[in-house]
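A.B. asks: Top line first, the protein sequences correspond to chains A and B.
The numbering used here applies: residue -5 is where the first sequence begins, and numbers increase by one.
The numbering used here applies: residue -5 is where the second sequence begins, and numbers increase by one.
Ideal placement from N, C-alpha and C gives every residue a C-beta, glycine not left out.
Structure provided below as structure tokens; questions to follow.
Number of protein chains: 2
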Amino acid sequence: MKINSLPAYVLLAVLGASGAAQAQNADPAAYVNPFIGTGAVDTNSLSGSNFPGPCVPFGLVQLSPDTRDNPDDPASGYDYNDHSIVGFSHTHLSGTGVADLFDFLFMPYTGKVLWDPGKNPGEGYRSAFSHTEEKASPGYYSVQLQTWDTRVELTATAHAGMQRYTFPSGPRPHVIIDLDHTLDKKRGYWSCKIISAQIRVVNDHTIEGYRVLTGWSRLRKVYFRAEFSQPFIAQALLNGRSVVEGGTIANGTRVKAVLDFNASMTAPVLVKVGVSTVSLDGAAANLESELPGWDFDQTVANARAVWNRELSCIEATGTEEQQRIFYTGLYHAFIQPNNIADVDGSYMGTDFARHKASDGTLYSTFSLWDTYRAANPLYTLVQPARTAGFINSFIHQYQTYGYLPIWQLWGDETYCMIGNHAIPVIVDAFLKKIPGFNYQEAYDAIRGSSMVDHPGSPFRYLNKYGYFPEDKQSQSVSLTMEVAYDDWCVAQMARALGKSKDFDYFTKRSQAYRALFDSTTQFFRGRNSDSSWVSPFNPLDYGGNGGSPYTEGNAWQYFWYVPQDVPDLIRLVGGRWVFADKLDTFFNLQAKPADVNGNASGFIGQDAHGNEPSHHTPYLYDYAGQPWKTQLYAARIMQELYNDKSSGYAGNEDCGQMSAWYIFSSMGFYPVNPASGVYCLGSPQLRKAVIHVGAGKTFVVLAPKAGGKNMYIQSVRLNGKPYDKTYLTHDDIMAGGTIEFTMGDMPNRKWGTDLSAAPPASAFQ
Amino acid sequence: MKINSLPAYVLLAVLGASGAAQAQNADPAAYVNPFIGTGAVDTNSLSGSNFPGPCVPFGLVQLSPDTRDNPDDPASGYDYNDHSIVGFSHTHLSGTGVADLFDFLFMPYTGKVLWDPGKNPGEGYRSAFSHTEEKASPGYYSVQLQTWDTRVELTATAHAGMQRYTFPSGPRPHVIIDLDHTLDKKRGYWSCKIISAQIRVVNDHTIEGYRVLTGWSRLRKVYFRAEFSQPFIAQALLNGRSVVEGGTIANGTRVKAVLDFNASMTAPVLVKVGVSTVSLDGAAANLESELPGWDFDQTVANARAVWNRELSCIEATGTEEQQRIFYTGLYHAFIQPNNIADVDGSYMGTDFARHKASDGTLYSTFSLWDTYRAANPLYTLVQPARTAGFINSFIHQYQTYGYLPIWQLWGDETYCMIGNHAIPVIVDAFLKKIPGFNYQEAYDAIRGSSMVDHPGSPFRYLNKYGYFPEDKQSQSVSLTMEVAYDDWCVAQMARALGKSKDFDYFTKRSQAYRALFDSTTQFFRGRNSDSSWVSPFNPLDYGGNGGSPYTEGNAWQYFWYVPQDVPDLIRLVGGRWVFADKLDTFFNLQAKPADVNGNASGFIGQDAHGNEPSHHTPYLYDYAGQPWKTQLYAARIMQELYNDKSSGYAGNEDCGQMSAWYIFSSMGFYPVNPASGVYCLGSPQLRKAVIHVGAGKTFVVLAPKAGGKNMYIQSVRLNGKPYDKTYLTHDDIMAGGTIEFTMGDMPNRKWGTDLSAAPPASAFQ
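Take a look at the structure:
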């Protein structure tokens, strides 16, 4: 069913059947503020790196304004603190730390001539704008371009964007199409280079073209077809400084087209652009399939209806600000992974060859080091069918590339970050019995990716030394600990499939972190292949992405990374009291060296919520019998490090992970071990949340006094009965039911303090 | 019909039906010496840039030894003057001035360990060899690797290569597969860069992989599947300095595999490798289709049978050396253009998208600035069906890229050289009534390519100024003159199709050279946009590929380039006597400046037969009533500048053009205007040539006294009647018949001297 081609009233009727149309929250999109995460408070802070422009959930196209000519940071191309816009491009990453995409920038402007001969051809069309004349909501964006007195409105479908330009009367209207707008290739950022590009004038309403480029994604082929609602009366094609007036085709690496419209027209100029990763025919078919007509407002309504359907999977009730943070987070979590396949299922695979997906989907943009922690567990809860789609796309990479995705962008492995965290995603989905993928193929993939050496994962060293020696493989502490977790996940699936030899093998490897525990310093510390400790050692010292045993963090932050066996970590450090004391120190120690990694931000003591290594840490008090401290720090993070403004995140939003942390935490629970089926209880901030868990069931979270100073759990009832455990299981949630929190402003130092109430290693054992 | 899958006796029976099996010359392949053109006499000379390894006519695979690690010059990767071999790669260019391809280098070697830890991984396998232990013939190559005491034999089909390694008894045999062997990327030559590569161990007999790279061709995706006749007992995969013993997959940019075979084996190791531009599946299907078995000798026999079928289109009788030059030339002419489509017709098009050819062919490697002169006219004569295939591939580029190929490599436009010389090829084929392509589409393509500005062809300047001004577009004299010729060709097709307006337009533009004739210096000379002459001016000064009005030549060499209207050139310069006198000076003026362009070689006076601008010049005396001088210089070039050794060409062989010049000239005629259907008579060197012109007809050239000092025509009879014209028409040849030359060692200064005997502008008017 092609949702976008249906009128809104049909859509609503269709969607109503899925239980989405709840009286209390029929328009959750109203709470989405797409400007959240689009700008940092100041230049010392990180932007969320989100973009404000329209898209539909998990779609290929994200049509959004770019304030940067050659984006780098923020990676979204848009910074809320900027004051001018260079144009509107059709593809964007949401929340990443690395930039790419920005395909097919369009920009309307006005003036006497097509371009100013005094400037470089195709430059000088940047416009001032003001946030007071800018609006964004799911599926819609508008801005007044002050320099050109022109209003731009944007909307999108899965494979296409539509723009509406309202030009002033008087000056001659122009539109430039810029195929040279990329990440910062002037600096050689990610060796970005346009290999070839083309713009062709098909007729006086239609432009098509493509570009082939290498960048963060090592090879992208992107095709477009643009149709205008009005004819252009003249055009010039540009390649660098070469300009051909009246030209009909341009090939090159710096290709642009300038179109000239009739100054006497009164109606706005609309343009709709289909995008494909496969071919020009694919772009045209995508456009025809999703945007056959010219009804801009209906397209906006359709996009909003689709968003409302998706966002209504959870009904959240809290303060207006909480609901804005919550639903914007859910919106950000549903922007990606992106289906890069054409409407007919064609796509370019990880082997750079063309394939065809029988179900029409090939998802990509897998920021797994971030998202496996909470975003993927969120998908298993409210997007189970798409979770299967993600895993099928993982398996495609395994089968063509030899190992599962690490960070996959537009079908290409970028090797960004460490570990093989498609493994917990797969194992989690398997243990939660999500259908739609082949379990044996999936097991082959997780096992193979844990056995076959590949960049960042030289298992031969792990197998030989029992850990990754820093002199053989940098980031060795972080890698040893994260791979140990992945190995634990493989072992769980091995056991479930009766593969006892594999279970033993991976269970043993999952304990590799022990070899790096330095009892003298009481930290996990890098070792060389001769077993010597890496010296000098200071637990405050930061690593980045190589050259240190720690990845985007320090020994303090990585100390806590044994989600598969927190009790063992507690034992290692000397018991629950020492462990809790160390956590206390962690959340209070202010000292910072000069070289704090740029991704470490959002500090509470050493805890840096702006980056993922610290995401699970506040919940570890649950394991030590001091759950009120989990409640304290979880609440403080939500209240101090999230807001509903452009500076809403404490760091890069990271493709849904920062948002998913809030979504879970604000409902009072969080998956410390994301493949265990166990959720640690924290501090609910919403007064109510209704999770639609499928089969018509709901799991209701009630916390009527939650928020503000009432950050502490006084008592809990599950399905009406007193509940003293500090965790929930996935089965508890999927069965449907109600958990009711009684909250207060003072800790209840009795509830959940007995270690028998602490979260188990897994709910599936 | 899959020729290669048939046993030889069936093949011969099949081929016999086409009239190929002539008693006198059943094995013309015996005259082919693949070493011709593989090395220059000394370092001051140019190599032909040919390669000695096996291929089949117009095939995708050319499996050949490389003596250079990162080839640059000679572009074939093999220099006969080198003394060692680095390996055997599957794709090569024949005779070009620019290097690319070299995909999938294999090299056998022996030793105790897989690689020497003291060296970089995967290096150190180069071997000494001697030409005395090296053999090559069509479809076969063998060499003794002295360093490894190992014999290597090679053969090929259209999409696959087969190798046979005979290892010594004793040391352990290894084979390295090197996916990092490219043109000289260390120097950044053509910005060559491997974007991604993969090697996968499928099983103990099979390796597959691919590489995606940018280089001279801006994007190539090349896939392979290699099957071994014996299992390898161990393997290591390498990526740069990283080595994984026992690894089963490696992705990276510097990927190699080292295989280890059983030292006790006695049989040779065979490996067959299928290649595809589309996918791994394509490579496997190509291999299975063409090389299902393991019969190396039969594969050699099949390849030779195919070559004999193709080479028997002309039966040449002369001295042994002449026949070797002639048939090796025909062999070189038939190596390319190459069908890059898979056996199922799939290919990556000029738009970088995948397409499928209904007839299974997509030809590429179009070195048109070279080949339109004589190689393409040769194809129209003896390869009419393939000529239609070439043109359909041209039209594919026009339709996807906006203009016809200039220099197309593996489907990608490289913009090498100047002009749009697909136009004469198309017009020639059209005027010769070659079927198999759509004449209207073809006309749209030649007209569009002559109207739409594109790199190297900014027609707006030509239209505005009447010539290309040097201050707007460099190489302006060469470009103005060559485009004038292309325009004349467009005009001829326009007239034939009744498009009189186009005829007038392009006829006028075809006279643009006149605007650059400087009556003071009596040369064609660069002008700026203000109509001033480019100064200073010295007709001996050379240009290269930019920065001068002349392309790879000087004003002397470019003076003669008005093939569409030689009588007008004669008028411009002052009449036949002045013209002939200028030709005399040209062929005798020895002066050379210090900066002679590297491509200008093979000098007789200013005539540089080693490069294409001088190819038609000797034949111009025919137009001035002094045909005996055409005979003199044509004979001198054949006798002095061609031989049957490695130094057999006076310059780069250029994808068949240098060979086609000899093939025509040695039969006594040459197409000065390659789209006119007129062949100027020269000095036949063969005693007899029988051209199979189709429909069972033959055109026989007899010159029983030809050769050596008998370079002068005394008289001619055509079909038994005295013939006093200095040209033949295409219709004369296609009608079948006999031309008989009576040759002698003194000029006949009466024959052909009347201007009424001179070649007309076209035989089609």
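What separation, rounded to the nearest whole angstrom, lies between the Cα atoms of A379(A) and G430(A)?
C.D. replies: Working through the first sequence from its first residue, we reach residue 379(A) at position 385. Working through the first sequence from its first residue, we reach residue 430(A) at position 436. Their backbone Cα atoms lie some 7 Å apart in a straight line.
A.B. asks: What in chain B is Cβ-close to R390(A), meaning under 7 Å?
C.D. replies: Position 396 of the first sequence, counted from the first residue, corresponds to residue 390(A). Per the sequence presented here, residue 390(A) reads as His, with Arg not at that position. By Cβ distance, chain B contributes nothing, its closest Cβ being about 13 Å from H390(A), past 7 Å.
A.B. asks: Do P668(A) and R367(A) come within 7 Å of each other at the CB atom, strictly closer than that value?
C.D. replies: Here residue 367(A) refers to the residue found at position 373 of the first sequence. Here residue 668(A) refers to the residue found at position 674 of the first sequence. Yes.
A.B. asks: With 16 other CB atoms within 10 Å as the buried threshold, where does W210(B) fall?
C.D. replies: Along the second sequence, one-based indexing puts residue 210(B) at 216. By the 10 Å Cβ count, W210(B) comes out buried.
A.B. asks: Taking the alpha helix (DSSP H) that H390(A) falls in, what are its first and last residues?
C.D. replies: Position 396 of the first sequence, counting from 1, holds the residue named residue 390(A). H390(A) -> alpha helix (DSSP H) spans P378 to Y395.
A.B. asks: What are the partner residues of A406(B), as DSSP defines its beta bridges?
C.D. replies: For this step, residue 406(B) is matched to residue 412 along the second sequence. Here residue 406(B) turns out to be Asp, not Ala, going by the sequence shown. According to DSSP, which records beta bridges pairwise, D406(B) is partnered with L403(B).
A.B. asks: Determine the closest residue to A654(B) out of D447(B), F735(B), Q377(B) and G323(B), with distance taken between C-alpha atoms.
C.D. replies: Walking along the second sequence from the start, residue 654(B) turns up at place 660. Checked all of D447(B), F735(B), Q377(B) and G323(B); the closest Cα to A654(B) is G323(B).
A.B. asks: Kindly indicate the opening and closing residues of the alpha helix (DSSP H) around I420(A).
C.D. replies: Sequence index remark: in the first sequence, residue 420(A) carries index 426 (1-based). Segment A416 to L425, the alpha helix (DSSP H) holding I420(A).
A.B. asks: Counting only Cβ-Cβ distances shorter than 9 Å, please list the residues of the segment 376 to 408 of chain B near chain A, keeping chain order.
C.D. replies: Residues passing the 9 Å Cβ filter: T394, Y395, G396, Y397, D406 and E407.
A.B. asks: Check each candidate in A618(B), S660(B), P65(B) and T381(B) and name the one with the smallest Cα separation from N637(B).
C.D. replies: Reading the second sequence from its first residue, position 643 is the one you call residue 637(B). Ranking the options by Cα distance to N637(B), first place goes to S660(B).
A.B. asks: In whole angstroms, what is the alpha-carbon distance linking F581(B) and W550(B)?
C.D. replies: Counting from 1 along the second sequence, the entry for residue 581(B) is found at position 587. Counting from 1 along the second sequence, the entry for residue 550(B) is found at position 556. Taking the straight line joining both Cα atoms gives about 10 Å.
A.B. asks: If we cut at 7 Å on Cβ distances, does G676(B) have a partner in chain A?
C.D. replies: As a working note, residue 676(B) is residue 682 in the second sequence. Not closer than 7 Å to any Cβ of chain A, the Cβ of G676(B) fails to qualify, so no.
A.B. asks: Anyone know if the C-beta pair for E284(A) and T151(A) falls short of 7 Å?
C.D. replies: On the first sequence, position 290 is the one that residue 284(A) refers to. On the first sequence, position 157 is the one that residue 151(A) refers to. Cβ distance < 7 Å, so E284(A) and T151(A) count as in contact.
A.B. asks: Do you know how far the Cα of F360(B) is from the Cα of P51(B)?
C.D. replies: For the purposes of this step, residue 51(B) is taken as residue 57 along the second sequence, with counting starting at 1. For the purposes of this step, residue 360(B) is taken as residue 366 along the second sequence, with counting starting at 1. Taking the straight line from one Cα to the other gives about 15 Å.
A.B. asks: Would V695(B) count as contacting chain A if we go by Cβ distances under 7 Å?
C.D. replies: Residue numbering aside, residue 695(B) sits at position 701 when the second sequence is read from its first letter. Closer than 7 Å: no.
A.B. asks: Taking 7 Å as the threshold (beta carbon to beta carbon), is A15(B) in contact with chain A?
C.D. replies: Mapped onto the second sequence, residue 15(B) falls at position 21. Low confidence applies here, because A15(B) scores a pLDDT of 37, under 50, leaving its location unreliable and the question unanswered by this model.
A.B. asks: Mind checking I227(B): buried by the 16 CB within 10 Å criterion, or exposed?
C.D. replies: Along the second sequence, one-based indexing puts residue 227(B) at 233. Label assigned to I227(B): exposed.
A.B. asks: Which residues in the same chain have their Cβ closer than 6 Å to the Cβ of G241(A), if we skip the five residues on either side of it in sequence?
C.D. replies: Translated into the one-based positions of the first sequence, residue 241(A) becomes position 247. Taken in chain order, the residues that qualify are L231.
A.B. asks: Is the segment 211 to 225 of chain A in contact with the segment 261 to 270 of chain A, if contact means three or more CB pairs nearer than 8 Å?
C.D. replies: Contact between the segment 211 to 225 of chain A and the segment 261 to 270 of chain A is present, because at least three Cβ pairs lie under 8 Å.
A.B. asks: Measure the alpha-carbon distance for K458(A) versus G547(A) and round it to whole angstroms.
C.D. replies: For this step, residue 458(A) is matched to residue 464 along the first sequence. For this step, residue 547(A) is matched to residue 553 along the first sequence. Roughly 26 Å separates the two Cα atoms.
A.B. asks: Per DSSP, N532(A) forms a beta bridge with which residues?
C.D. replies: For this step, residue 532(A) is matched to residue 538 along the first sequence. Note: N532(A) sits in no beta bridge, so no partner.
A.B. asks: Short of 7 Å in beta carbon distance, which residues of its chain neighbour W403(B), apart from the five on each side in sequence? Order them along the chain.
C.D. replies: Within the second sequence, residue 403(B) is the residue found at index 409, counting from 1. Note that residue 403(B) is Leu in the sequence shown, not Trp. Excluding sequence neighbours, L403(B) sits near D94, W210, S211, S358 and T359.
A.B. asks: Using DSSP's beta-bridge definition, name the partner residues of Q192(B).
C.D. replies: Indexing the second sequence from 1 puts residue 192(B) at position 198. Bridge partners of Q192(B): Y204(B) and N245(B).
A.B. asks: Just mark N(-2)(B) as buried or exposed, buried being the case when its beta carbon has 16 or more other beta carbons within 10 Å.
C.D. replies: On the second sequence, residue -2(B) is found 4 positions in, with the first residue counted as 1. Residue confidence is low: N(-2)(B) scores 42 on pLDDT, short of 50, so the model does not pin down where it sits. No coordinate-derived value is stated.
A.B. asks: Would the beta-carbon of I188(A) fall within 7 Å of that of T247(A)?
C.D. replies: Within the first sequence, residue 188(A) is the residue found at index 194, counting from 1. Within the first sequence, residue 247(A) is the residue found at index 253, counting from 1. Yes, the pair counts as a contact, with Cβ atoms nearer than the cut-off.
A.B. asks: For F735(B) and V446(B), what's the separation of their Cα atoms in angstroms?
C.D. replies: Taking the first residue of the second sequence as position 1, residue 735(B) is located at position 741. Taking the first residue of the second sequence as position 1, residue 446(B) is located at position 452. If I take the Cα positions, the gap works out to 47 Å.
A.B. asks: Taking G460(B) as the reference, give the member of T474(B), P449(B), G450(B) and S451(B) with the closest Cα.
C.D. replies: Working through the second sequence from its first residue, we reach residue 460(B) at position 466. The residue with the shortest Cα to Cα distance from G460(B) is T474(B).
A.B. asks: Report yes or no: is there a C-beta of chain A within less than 7 Å of the C-beta of D648(B)?
C.D. replies: On the second sequence, residue 648(B) is found 654 positions in, with the first residue counted as 1. Judged by the 7 Å Cβ criterion, D648(B) is not in contact with chain A.
A.B. asks: Counting only runs that start and end within the segment 111 to 164 of chain B, where is the beta strand (DSSP E) found for 3 or more residues in a row?
C.D. replies: With a minimum length of 3 residues, the continuous beta strand (DSSP E) runs that stay inside the segment 111 to 164 of chain B are 128 to 131, 134 to 139, 144 to 150 and 154 to 160.
A.B. asks: Looking only at its own chain, which residues have a Cβ that is under 6 Å from the Cβ of V137(A), when we skip the five neighbours before and after it?
C.D. replies: Counting from 1 along the first sequence, the entry for residue 137(A) is found at position 143. Cβ neighbours of V137(A) beyond the five flanking positions: F123, E128 and V146.
A.B. asks: Check this for me: beta carbons of L722(A) and Y656(A), under 7 Å apart or not?
C.D. replies: Sequence index remark: in the first sequence, residue 722(A) carries index 728 (1-based). Sequence index remark: in the first sequence, residue 656(A) carries index 662 (1-based). Their beta carbons are not under 7 Å apart, which means L722(A) does not touch Y656(A) by this criterion.
A.B. asks: Taking Cβ-Cβ distances shorter than 7 Å, what residues in chain A pair up with D447(B)?
C.D. replies: Counting from 1 along the second sequence, the entry for residue 447(B) is found at position 453. Result: V238 and G241.
A.B. asks: Based on Cα-Cα distance, which residue from Y134(B), M156(B) and P162(B) lies nearest to Q140(B)?
C.D. replies: Indexing the second sequence from 1 puts residue 140(B) at position 146. Nearest C-alpha to Q140(B): P162(B).
A.B. asks: Would F500(A) pass as an interface residue toward chain B - the criterion being a Cβ-Cβ separation below 7 Å?
C.D. replies: As a working mapping, residue 500(A) is identified with position 506 in the first sequence. Answer no: the Cβ-Cβ gap between F500(A) and chain B never drops below 7 Å.
A.B. asks: Going by alpha carbons, who is nearest to W554(A) out of D498(A), Y615(A), S525(A) and T501(A)?
C.D. replies: Residue mapping note: residue 554(A) aligns to position 560 of the first sequence, counting from 1. Comparing Cα positions, the closest option is Y615(A).
A.B. asks: Cβ of M737(A) within 7 Å of Cβ of A697(A)?
C.D. replies: Locating residue 737(A) in the first sequence gives position 743, counting from the first residue. Locating residue 697(A) in the first sequence gives position 703, counting from the first residue. For M737(A) and A697(A), yes; Cβs fall inside 7 Å.
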